[in-house]
Amino acid sequence: MLHLKQYLNTSQQKRFLELARQIPLISPLFQPVMPNGKQFNCQMTSCGDFGWISDRNGYRYDRLHPFTHRPFAPMPKEFRDLAIKIANSIGEFDYKPQSCLINYYPISGRLGIHQDNTEKNLLPAIISISLGDDAIFAIGGNKYSDRIHEILLKSGDIIVLHGNSRLFFHGIKRIVPFTSNLLKNGGRLNFTIRQVI
Ligand code: MD6
Ligand code: FE
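Taking this note's numbering, the leading residue of the sequence shown gets 6, the next gets one more, and so forth.
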């Protein structure tokens with residue numbers, strides 16, 4: 006795992022926020038349910054060739070938004086360029102940013118411990134960008150029962166799960182309210198850029 010602290014400066018964070026704000030106009034945020042029917046504690050949408058979906062039928066990627074039934078908004082070039090640059094820096098020279106999952110956490114938001122294994126191709130890195138309020142990120146190992154440690158993610162930080170850590174269990178324990186003024190209504194945005202196939 007890589008934790009690139011303050012990788013994006015304030016003006017780059019504002020630029021990424023401005024780009025992200027356009028996406029729900031085409032691909033609205035929604036609060037998915039898990040296969041067991043429980044609601045997620047954050048809202049989601051995606052951009053790029055594929056979006057990540059969860060509902061009663063399971064977790065998967067789809068080319069169409071589950072409510073608009075239209076292709077997801079295109080992934081902004083700046084997102085793709087950033088992902089390719091970071092992938093190249095860790096020796097992934099053929100990285101294809103095919104999907105960016107956007108999670109919005111209100112101050113009460115969280116995300117249970119999970120493994121990102123829905124992708125057909127589990128080798129390419131997942132590159133995660135945080136904006137807005139701080140979050141307590143919990144990360145363990147390849148087994149659910151592995152010891153977990155906590156990392157404070159701040160606005161502009163990037164986490165990369167790659168190589169040995171690609172399938173590490175992780176989640177968001179909680180948001181730390183009022184720690185950033187980037188989002189005017191508070192809360193946190195997270196973008197995870199993935200190569201799916
Ligand atoms: C979040 N992140 O930061 C949730 N997944 O809101 C993730 O679930 C995640 O940070 C895969 C790789 C990096 C991540
Ligand atoms: Fe994840």
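Where is the CB? At the ideal position from N, CA and C, for every residue including glycine.
Out of Gly168, Gly137, Pro37, Ile91, which one is the CA nearest neighbour of aspartate 60?
With distances taken between Cα atoms, aspartate 60 lies closest to Pro37.
So, alanine 143 versus glycine 176, is the Cβ gap smaller than 8 Å?
Yes, they are a contact pair.
When DSSP labels each residue in this structure, what does glycine 168 get in the three-state scheme?
Helix.
Is DSSP giving asparagine 93 helix, strand or coil here?
It is helical.
Between which two residues does the alpha helix (DSSP H) harbouring leucine 22 extend?
Leucine 22 -> alpha helix (DSSP H) spans 15 to 31.
Could you work out which residue in Lys159, Asn186, Asn46 is closest to histidine 8 when comparing CA atoms only?
It is Lys159 whose Cα lies nearest to the Cα of histidine 8.
Residue range of the beta strand (DSSP E) that leucine 187 falls in?
Element bounds for leucine 187: n/a, residue is neither H nor E.
In this structure, does DSSP put alanine 143 in helix, strand or coil?
If DSSP states are grouped into helix, strand and coil, alanine 143 belongs with the strands.
On the CB-based measure, 16 or more other CB atoms within 10 Å of its CB, does histidine 4 come out buried or exposed?
Residue 4 lies beyond the residue range present for the chain, which begins at 6 and ends at 202; the question has no answer from this structure.
Beta-carbon separation of cysteine 105 and cysteine 52 under 8 Å?
Contact flag set, yes.
Output the distance between the C-alpha atoms of leucine 188 and aspartate 138, rounded to the nearest integer angstrom.
Roughly 8 Å between the two C-alpha positions.
Enumerated in chain order, which unbroken segments of the beta strand (DSSP E) with a length of 3 residues or greater are wholly contained in the stretch 61 to 125?
Listed in chain order, the complete beta strand (DSSP E) runs (minimum 3 residues) inside the stretch 61 to 125 are 63 to 67, 104 to 110, 116 to 119.
Any heavy atom of ligand 2 inside 7 Å of the beta-carbon of histidine 119?
Yes, Cβ of histidine 119 sits closer than 7 Å to a heavy atom of ligand 2.
Taking alanine 92 as the reference, give the member of Ser133, Ile58, His119 with the closest Cα.
Of the listed residues, the one whose Cα sits closest to alanine 92 is Ser133.
Cα-Cα, which of Ser94, Pro71, Asp54 is closest to alanine 130?
Measuring from the Cα of alanine 130, the nearest candidate turns out to be Ser94.
Provide the residue(s) that pair with asparagine 1 in DSSP beta bridges, ordered along the chain.
In the structure as shown, the chain starts at 6 and stops at 202, and residue 1 therefore has no counterpart that could be examined.
Would you list the one or two residues that DSSP bridges to isoleucine 177?
Its beta-bridge partners are Leu116, Phe142.
When you compare only the Cα positions, how much space is there between serine 185 and methionine 49?
Cα-Cα distance, rounded: 21 Å.
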